[in-house]
Structure formats: C-alpha cells, structure tokens
Amino acid sequence: MKYQPVIGLEVHVQLKTDTKIFCGCSTQFGSEPNSQTCPVCLGLPGALPVLNKKVVEFAIKAGLSTNCSITPRSIFARKNYFYPDLPKGYQISQFEDPICQWGWLDIHLERHEPKRIGITRIHMEEDAGKLVHGDLPGLENGSGVDLNRACTPLLEVVSEPDLRSSDEAVSYLKQLHQIVTWLGICDGNMEEGSFRCDANVSVMPVGTDKLGTRAEIKNVNSFKFVKQAIEYEIQRQIDLIEDGGTVVQETRLFDPNSGTTRSMRSKEEAHDYRYFPDPDLVPLVIDDAWVERSRRELPELPGQRRQRFMDTLGLPEYDAEVLTASRALADYFEAGVAAGGNAKAVGNWIMGEITRALNDSGTAIEACPVAPAQLAELLKLIDNGTISGKIAKTVFDGMWKSGKAPLAIVEEQGLVQVSDSGAIEKIIDEIMAANVGQVEEYRAGKDKVFGFFVGQTMKASKGKANPAVVNELLLIKLKG
Ligand code: ADP
Ligand code: MG
Ligand code: ZN
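Using my numbering, read the sequence shown as starting at -13 and increasing by one per residue.
What follows is the structure, given as structure tokens:
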C-alpha cells in the first residue's frame, strides 16, 4: 500500500522586544542567571502582569504578513501545568480567541505550482524559564532554575495539516522565518531557540481522506533537523502499520545525533491544561484603526519585492529570489542599482564575489566593507573599458581589504586596461616569435592553439590587455 504523509507545524517565534511581555525586565540573551527578573516574572504572589504594547504590534504585523484576520477582541488564558521552570504554575497564553486567525502562505517548490498552506492561528504567550544542570556556584553537580527567559514574549504560529512532505514543511518554515526576520520582530536565531518548531506527522493510505493518528515531534531547531525528523517519523509510522501495528497519538523527541525520534509521553500521559481566561488581564481590544495603521507601517514584503525586482528591474526569477533572501541583502542590491549600477550586473556581483567574500570572512551583508555605491563605481569602470572584468576581481579584493574607492586602486596598482592595439600587437609579435611551432600548428588547422595564444598574451600583459582587442588582433596575425 502507498501512504500519504500529512504534516502540521507549530512554530514558536521569540519576539525581539527590549522588555518582557508582562513586565519591564530585559530580554537580553546570555546574562547572569536570574539577573533579569522581578516579582512579575518570578511569579511572586500578588504581582500583576501588564501587557507590553510592542508585543501586540509585532503580533499584528506577523498576522497581516501571513494573511490572517486580526481578532477585534482577544483573550489571554492560563495554561496550567507543573514544572520547576514555571514559577506561577501556569503559562499565560491564548486559547479561545487568539489575536490572529485564518491566514495562509503560498509555498513555491521547484517544478511545482505554488501551494497554499493554511495558518490556523497565531497567538501570544510567555516563555518559561530554563533549568541548568551541572556544577553551579555553591552547588556541585546540581540543578538550578534560571528565570531570565521567563516571560519572554513568543508568538505561536499553528499551521493547518496541509503539508504533504518534508520538503513542503521546510519550504513553509523557511518562508515564515524569512517573514518574521524581514519584519524585524524576531532575530531568527534557531540555535539560540528564537525560532523553533514542533512537527505533527501522520500518514494515511493514498486515496483516502481521513487523517491518520499523529505524533508530535518536539523542539526541532534547524531546517535540516526538521527534514530529518519528519522523514524518519513518516517511515517509522509506515513500517509500524505495515507490520500490523497502529500509530498511537503521542509526543516524541527528535535526537539529532541518531536522526531518530523516540517516545516522550503518550496521550494518556498528556497534560490536561485546564485553560481558563486569566482574570488578571483584561480582554485585548484592537480596533480597525489600529489594524490599518499597522498595515500602513508594514514594509514591502519579500514576495512583493521579488516580484518588483522581476517586473521593474528585469531580473530573472532565480536572481530575484536570491537577492530577496533577507531585507538587508535586498536593500544592498537596490542601493547598488540606485547608484547607477546595471541591475543584472549588480545582482551577479552580489551573488558571486560579494557572497563569496562575505562567506569566507564570516561577515554579514550589513557589515560589508564594500559599499553599494562603490560596487556601482567598479561596474562603471568595467563598462567604460577602464578595466577588464577579470581585473575587476583584483580591484574588488583591494576594495574589500582597504575600503578604498575602485578608481584609487586601479591607479595605485596601474591596472588600467590596455586597449591600445599598438602595444598589444607588440606583445603578440614577441609571443609568436617565441612559439613558432605553435604558430605552425595553428596554421595547419589546429584551432585549439588559439586559446594558448590568448592565454600567453593576457599573461604577458599581466591581465591588463583588453580581451576583445587581443582576440581581434590574434585572429588577424595568426592567419599570417
Ligand atoms: P495540540 O494543541 O494538541 O497540539 P492542535 O489541534 O492545535 O493540537 O494541532 C496542532 C497541530 O497538529 C496543527 O499544526 C495541526 O495542523 C496538526 N495536526 C492536526 N491533526 C493532524 C494530523 N492528523 N496529522 C498531522 N498533523 C496534524
Ligand atoms: Mg501541540
Ligand atoms: Zn520581570
């Protein structure tokens, strides 16, 4: 029998606010344990939460960017469970009436039509603290509770079970990641847990439409692991069914070392969260004016920008896709074009030399030592024949290292292209005289030798000879 996998994702997006969701403590990562706490996030009796307006604004932006409706009156609820990193004994979250509902994203897989993935809801909630194990100050081989992260604002984005393969799941996840980082509401750092996901996976026989029983795989923290975890889980469920077993609803944990998932708790052991509206927080009312104001403040989104790069700047789809990978990259590209660079050429240089140099040095595009206007300047020098495309790479390396303007480097290092046919002719004559054998071979019909002469001429000119002139002269001279 053939099986159809079904996947739904729950993504936790940590919001990049300066302060926590219900108190004024800092959200800075990596500080001294418990240095960023107060009675509210410590869960001390009598302390009252006050909602951070920024969190609401970020949630609205996330909702509008994923085609959600914004709920006019949404409610905070208490999700009750016991764990040492949860001082109040409940997490403030949203259950009924979350802030955003009924959204979608279109994913684009290569060689496939775009596919619409439903977003059930986006809700706001607070994060828990974390447990630290090991040798701690004043406590050998012990466990401690660090509540710096308690009360950090999160959005949970829940998809419909619309995804049908690990590739679709990764594509959806990457797009969501791109949107929240583009909006500047999340730093997107998956290793630090700023963007993490639970994957719900089931399989059903092809041809049926009743969904199978799902397993929920917890906290998968890289795109690669999401793909691995889903693929392993699909195969595990198929094998189980083929062997006459049945899939049980359970929570499973992904182990990145083995690439497998293992059971964490079954449905019977699942928590009963006993949700109820939090009496300490009033309903959150968002009127149309607020929604419209947020809509106006939205930046041009990655998909819109990609389309504009294709429509008005004439970029191929592939280039437009790569150049809108991040907002900073797209800004860099547009600044280069605004400074007079040809769009296709600016794009090629960004995707080529600049990306290579950034990767090699571990630099982010935001800190690129070559400014967009300098890149445009370099391209102008190629266009007007001052330097060849090949020499431009040398000039670029100089710009990268020194931060100097391209023309300054060309002049300093004497890199101006030689287009003067007299000078080039002289070089060619010398090379032909020194390689009489090859000249004869060429004349006897061995066309390949032509490349040898081009190479020698360029080398003798230290790369400065204008390649077009070299070619033209060699054709004439070699003919004899
Ligand atoms: P819970 O809150 O218990 O995790 P939800 O109903 O909110 O349950 O569903 C959570 C996620 O599980 C959603 O992303 C949803 O799309 C997904 N999901 C629900 N049923 C299935 C299924 N049969 N197979 C795969 N995913 C599913
Ligand atoms: Mg869940
Ligand atoms: Zn606090």
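Even glycine gets a Cβ: it sits at the ideal position worked out from N, Cα and C.
Keep in mind that this is a model prediction, so the values were computed, not measured.
Residues near ligand 3, CB to any non-hydrogen atom under 5 Å, in chain order? C9, C11, C24, V26 and C27
Is G89 near ligand 1, with its Cβ less than 8 Å from a heavy atom? no
Could you please give the first and the last residue of the uninterrupted alpha helix (DSSP H) stretch that includes F436? It spans V435 to A446 - the alpha helix (DSSP H) in which F436 sits, taken as one unbroken run.
Using CA coordinates, which residue listed in F211, C137, W276 and L34 is at the minimum distance from I56? W276
Can you list, in chain order, the residues of its chain with a C-beta nearer than 8 Å to that of K196? Leave out the 5 residues immediately preceding and following it. Scanning its chain for C-beta atoms nearer than 8 Å, with the 5 sequence neighbours on each side dropped, one finds around K196 the residues M190, in chain order.
Which residue's Cα is closest to the Cα of V(-3): I220, E146, P355 and N243? It is E146 whose Cα lies nearest to the Cα of V(-3).
So V435 packs on Y428, CB below 8 Å; how close in whole Å? 4 Å
Using only Cβ atoms and a threshold of 7 Å, which residues come within that distance of a heavy atom of ligand 1? Order them by chain position. V(-8), I(-7), G(-6), L(-5), E(-4), T106, V144, S145, E146, P147, N186, V187, S188, L197, G198, T199, R200 and E202
Less than 9 Å between the C-beta atoms of S51 and A63, yes or no? For S51 and A63, no; Cβs fall outside 9 Å.
Under the DSSP definition of a beta bridge, which residues are partnered with P139? E112
Roughly how far, in whole angstroms, is the beta-carbon of F295 from the beta-carbon of L301, given that I think they are within contact range, below 8 Å? 5 Å
Return the CA-CA distance between L133 and G10, expressed in angstroms with no decimal places. 14 Å
Using DSSP with H/G/I as helix, E/B as strand and the rest coil, what is H163? In the three-state reduction of the DSSP assignment, H163 falls in the helix class.
Please specify which runs of the alpha helix (DSSP H), each continuous and at least 4 residues long, are wholly inside the region 234 to 286, giving them in chain order. 274 to 283
CA-CA distance, K92 and E177? With the sequence shown as reference, residue 92 is identified as Asp, and Lys is not the correct amino acid for it. Taking the straight line joining both Cα atoms gives about 26 Å.
Report the option in R238, A185 and V26 whose CA atom is closest to the CA atom of R135. The option with the nearest alpha carbon to R135 is V26.
Under a three-way DSSP split, which group does L1 fall into? coil
With distance defined between alpha-carbon atoms, name the residue in L140, F240 and V144 nearest to I171. L140
Restricting to Cα atoms, I'd like to know which of L149, M250, R182 and S388 is closest to N205. R182
Using 8 Å as the Cβ pair cut-off and three pairs as the minimum, do the region 11 to 20 and the region 197 to 217 touch? no
Inter-residue CB distance, A201 and E154 (contact presumed, cutoff 8 Å): A201 to E154, Cβ: 18 Å. No contact.
Residues near P70 by beta carbon distance below 7 Å, same chain, minus five either side: L117 and V131
Could you pull the DSSP bridge partners for D184 from this structure? The partner list for D184 (beta bridge, DSSP) reads E(-4).
Can you give me the C-alpha to C-alpha distance between G89 and R313, rounded to a whole angstrom? Distance between the alpha carbons of G89 and R313 is about 23 Å.
DSSP state of M190, grouped into three classes? strand
Rounded Cβ spacing between R238 and M250 (contact assumed at less than 8 Å): Separation of the CB atoms of R238 and M250 is rounded to 6 Å, and the pair is thereby assigned contact status at 8 Å.
Take E307 and list the residues in its own chain whose beta-carbon comes closer than 8 Å to its own, dropping the five residues that flank it on each side. Here the set comprises R292.
Assigned exposure category for S374 - 16 Cβ within 10 Å defines buried: Residue environment: S374 is assigned as buried (16 or more neighbouring CB atoms within 10 Å of its CB, all protein chains considered).
Expected contact under 8 Å - CB spacing of V143 and I105 to nearest Å: 6 Å
Locate the beta strand (DSSP E) running through S347, then write down its first and last residues. Where S347 is concerned, there is no enclosing beta strand (DSSP E), although the alpha helix (DSSP H) it sits in stretches over T341 to S347.
T232 classed as buried or exposed, judged by whether at least 16 other C-beta atoms fall within 10 angstroms: Counting Cβ neighbours within 10 Å, T232 comes out exposed, since fewer than 16 surround it.
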